[in-house]
Amino acid sequence: MSASPANPVLQTLLGRLSAATKLPREQLSGMLRPPPKAEMGDYALPCHAIAGPRKQKPDQAAIDLAAELALDPHLKPIVISIEPAGAFLNFRLDPGALCAAVLPPLRAAGEAYGGSDEGAGQTIVIDYSSPNIAKPFHVGHLMSTVLGASLARIFRALGHPVVGVNHLGDWGTQCGYQFLAWKQANPSEREVQLAARGIDYLVDLYVEINRPGKELTSLKDRLLDKNVALQPGERVETEKRIAELAPVAEEIERKARELFRKLEEGDPDLRILWERFRTKTLNVLQLSYDRLGVAFESTAGEGFYEPFLLPLIEDLKQRGILFESEGCWVIPLSEPREKKKKPPFIVVKTDGTTKYDTRDLAAAIYRKTTYDFAQNLYVVDVRQSLHFQGLFKALEKCGYEWAKDCRHVSYGLMQIKEGDATLPMTTRGGRMIPLGELLDRMVGIVREIVNEKNPALPPEQKDRVAEAVGVGAIIFWIQARRRSSNIVFDWKEATNPDGDTGPYVQYTHARACSILRKHGTYIPDQPDLTLLREPEEAAVVKALDEFPRVLRAAAEGYEPSLVATWLVSASRSFNDFYNKRQVLKAESAALRDARLALVDAARLGIARGLKLLGVTAPEEM
RNA sequence: GUCCCCGUAGCUCAGUUGGAUAGAGCGCUGGUUUCCUAAACCGGAGGUCGCAGGUUCGAGUCCUGCCGGGGACGCCA
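The first sequence maps to residues 70 to 690 in my numbering.
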C-alpha cells in the first residue's frame, strides 16, 4: 500500500541513484525529500545512510556521489545541477522536463487524478454520522459525518469498494422514554402536533419526559460538587427538592425500561410506533445530508440487529464465552493474572435487556459476513475509545481473527466560540446548536461577503455561491486540522476570507477557472510544456505532483486533513504564480498555451482535492 | 487512583518512517492593482518546540520521569 507513485522524471532519478548507491529504489524514494529552502534545489538526498556501506564520511560520500552522477548520461536531460552541501546532495531538476512529465498524465486523468485501483476487492466498511433517532441533528454529529464521508470518498478514489453505514441510534432505553412520553400525551393532540411539527415535537416530548431526571442529576451533582459553596438554607432546599423528584424520576425510568423491554420482546404496537418515529427522523436528517453532499450505502441502525441478538447471546453462552457477573451476562476482558482490571463487555443487563455493546457486537459480525470487509472503521469521537477497545477485544475473545481489521477512527471534541465564551458541546449543560441553524448562519455571513466582493453576480448565482462557500467553510475548517485535536469552531475565523480556509482554496479555483473562461477557445492537447521554466511554474507542478502521495497517506492514516493541508499549499503556489506570471498575455502564443495547460491542471487538482473533502468548487465567486 | 489524547509565535495550527538555519494563517505593521477576480501577492516584527534526563553522528519528532490541559473508567448511547 505504501508504494509511492512517482512521476517519470523522479523515477529516472531514483533509478540512477539506485544504480550508483546500490540501495533499493524504495529506500531512496523514502529518503529523497524537498530541502528546507527552495533555493537549495528541488530534491535533497541525505547521505548518512549511503556513507556507511562506502566506508566514508557523509560529507565525502556526497561529494563523490555528485561527481559520479554528473557523468551519468541518463540524468543529463532532466537534471540541471547536483550539488553536495555538507552531508546532503541537492538536485535541481530541469523545470521543463518536470512539467512535461507531470502535466499530461494529470490532465488525462482529470477527475480521477491521484486515484488508482489498488484497493480493488478490499472492501472498507465505514460506520459514521450515526445520530440518535427522534433527536435533532446537531453540531456534535457534524465531525463524524464530515470525516466519515471524506474517508469514504478517499478510499473509493483508491479503488476500494466502500460501504458507508449510518448506524442510527434507534434502539435502547431512550426508545422507552420516547414511547412513554407519547403515551402520556393527549391522543388527538399528539397526532396534530406530530403532523405539524414532526421531529421537533418528538424532541419536545423527549425533553419533557426527561426533565425530572435531568433536574435530579444536576441537583445531585451540585450537592457533591466541592467547588460550589452552598448556603445552609440552600442545601436544605436542594435536599428537599431531591426527595420530591427522586420517586417521580424513578417511576418514569421504571416505565420507560418496561416499554423498551416490551419493544425488544416484539410488541407489535410499539414496533409500529418505532417505525413511525424512525422514518420521521430519517426524512428530516436527509435534508442535512443533502446539504452536506452525504449519502450512505446502508442505514441499518441499532434496531436492525435486534433479530440477531438472541441467537448471538445463545451462541456465546453455549460456547462458554459469556459469564454471569453482578447479575449481567458479560464477556470478561481482563486476563486472570492482570492486576489492572478492565471493565467487562456487558452483553445482557440485569433487567434482561441488551446494551449498545450487544448491538455493536452483532453489527460487526453482520458486517463481516455480509461485506467480508478488509477494514471495518468506526468514525466516533474519542470519548468512546474505551468502548471500542472493549468491543474489539470482545470480538477477539469470540474467536474472530478479523477483530484486528476493526479500527476506531477517533477524533477530538468540538467547541463553539461565541464572543468571548467557548461553549462546550457535551450533551450535558451546553446548548446544542441544530446543524441547519449553523449552516444557515454561515451562509448568511458569506452572502454578505459575496455582495461586497462580487456585486455584479446575478442574485441566484450569489445564493449558490453563498451556499457552497458557507457550507464549504465549515466542512473545510473541521478537516483542516488533525483528527486528534479538539476543535474550537470560531465563526469569525472560519468565514474570514483571508487565511488557510476553504474560501481561500475555492477562490483560487475560481481564479483558475476564470482564466480558462476568458481564454474561451480550446486548450491545445499537446502544448510545448518544456517552455515552462519559471520557478513559480515549477512550484505549482511540484505541488500537483505530490497529490497522489498525499491521497495515499490520507487513507493510511485515516487523515483527511492531509488533503486540506495540501490544498492550502498548492493554492498558495498557484496564487504566487498567478500574481507574477501572465497567462493570457504571455510573451508568446506557445508559452500561453503551455501556461493554459498548467492552469487547467491546477484547476483539476484543486477541484479534485476539494471534492474529496466534500467541498464544492464554484467556477465563479 | 488507573488508562488514553494533547502541550510548537499573542491566537489557530503544519512540521513526512529522527535529518540542514523550526514553518503557515490570523492579528500587528509596511508595500503591490494602466495586468487573467486584491476573497490575491510580497516584506517586517514575533520561538528556551511545557520542564528535566536519556538514546545517537543528529531529537519538535524516539524512551523515562515530572508539570499543565482535555477525555474515559460495568449495566446511557
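Even for Gly, the Cβ is constructed at its ideal location relative to N, Cα and C.
Tell me the residue span of the alpha helix (DSSP H) that contains Pro77. Pro77 to Thr90
Quick one: what's Ser642 bridged to in DSSP? According to DSSP, which records beta bridges pairwise, Ser642 is partnered with nothing at all.
Restricting to runs no shorter than 4 residues, where is the alpha helix (DSSP H) found entirely within the segment 422-478? 425-440 and 454-466
Neighbourhood of Leu460 by C-beta distance below 8 Å, restricted to the same chain and skipping five residues each side: Phe414, Asp426, Asp429, Leu430, Ala433 and Cys475
In this structure, how does DSSP classify Cys244 when only helix, strand and coil are distinguished? helix
Complete runs of the alpha helix (DSSP H) confined to the segment 195-269 [at least 4 residues]: 211-226, 242-253 and 256-266
Do the CB positions of Gly366 and Asp239 come within less than 7 Å of each other? The sequence given here has Glu at residue 366, not Gly. No. Outside cutoff.
What residue range is occupied by the uninterrupted beta strand (DSSP E) comprising Arg161? Phe157 to Leu162
If we ignore side chains and look at the alpha-carbon of each, how far apart do Pro281 and Val317 end up? 7 Å
Is the beta carbon of Tyr246 closer than 7 Å to that of Ala325? yes
Give the single residue among Arg360, Tyr374 and Asp133 whose Cα lies nearest to the Cα of Glu333. Tyr374
Counting C-beta neighbours from all protein chains within 10 Å, is the total for Gln253 16 or more, i.e. buried, or is it exposed? exposed
Where Thr423 and Gln453 are concerned, what is the direct C-alpha to C-alpha distance, given to the nearest angstrom? 18 Å
Is the number of C-beta pairs between the segment 179-196 and the segment 580-588 that are closer than 8 Å three or more? no
According to DSSP, is Tyr182 part of a helix, a strand, or is it coil? coil
With Ile321 and Leu288 assumed to form a contact (beta carbons below 8 Å), what rounded beta-carbon distance in angstroms separates them? Not confirmed; about 16 Å, so no contact.
Short of 7 Å in beta carbon distance, which residues of its chain neighbour Leu681, apart from the five on each side in sequence? Order them along the chain. Ser219, Arg222, Ile223, Ala226 and Val632
Terminal residues of the beta strand (DSSP E) in which Ser394 lies: Phe392 to Ser394
Mark Gly121 as exposed unless 16 or more other C-beta atoms lie within 10 angstroms of its C-beta, in which case mark it buried. exposed
Could you give the first and the last residue of the continuous alpha helix (DSSP H) run that contains Phe414? Phe414 -> not in any alpha helix (DSSP H); beta strand (DSSP E) instead, spanning Phe414 to Val417.
Within its chain, find whatever has a CB closer than 8 Å to the CB of Arg672; leave out the 5 residues flanking it on each side and keep chain order. His578, Ala581, Cys582 and Leu585
Counting only runs of 4+ residues fully inside the segment 354-405, write out the alpha helix (DSSP H) ranges in chain order. 375-387
Kindly indicate which residue of Ala549, Ile400, Ser642 and Gln651 has the alpha-carbon position closest to the one of Ala623. Ala549
Report the three-state DSSP secondary structure of Ile151 (helix, strand or coil). strand
State yes or no: is the C-beta of Phe157 within less than 7 Å of the C-beta of Pro200? no
Mapping DSSP to helix, strand and coil, what is Ala113? strand
Rounded separation between Leu601 and Ala612 - CA only: 15 Å
With DSSP collapsed to three states, give me the class of Val557. strand
Measure the Cβ-Cβ separation of His207 and Leu504 and say whether it is below 7 Å. yes
Do Leu378 and Phe248 have their beta-carbon atoms positioned less than 7 Å apart in this structure? no
Between which residues of its own chain and Pro146 is the CB-CB distance below 8 Å, once the five residues before and five after are set aside? Asp163 and Ala166
Length of the line joining the Cα atoms of Gln300 and Glu313: 20 Å
Inspect the beta-carbon positions of Pro205 and Val272 and report whether they are closer than 7 Å. yes
Close-in-space but distant-in-sequence residues of the same chain around Glu137 (CB under 8 Å, 5 per side omitted): Ala89
Mind checking which residues open and close the alpha helix (DSSP H) that includes Lys522? Leu504 to Lys522
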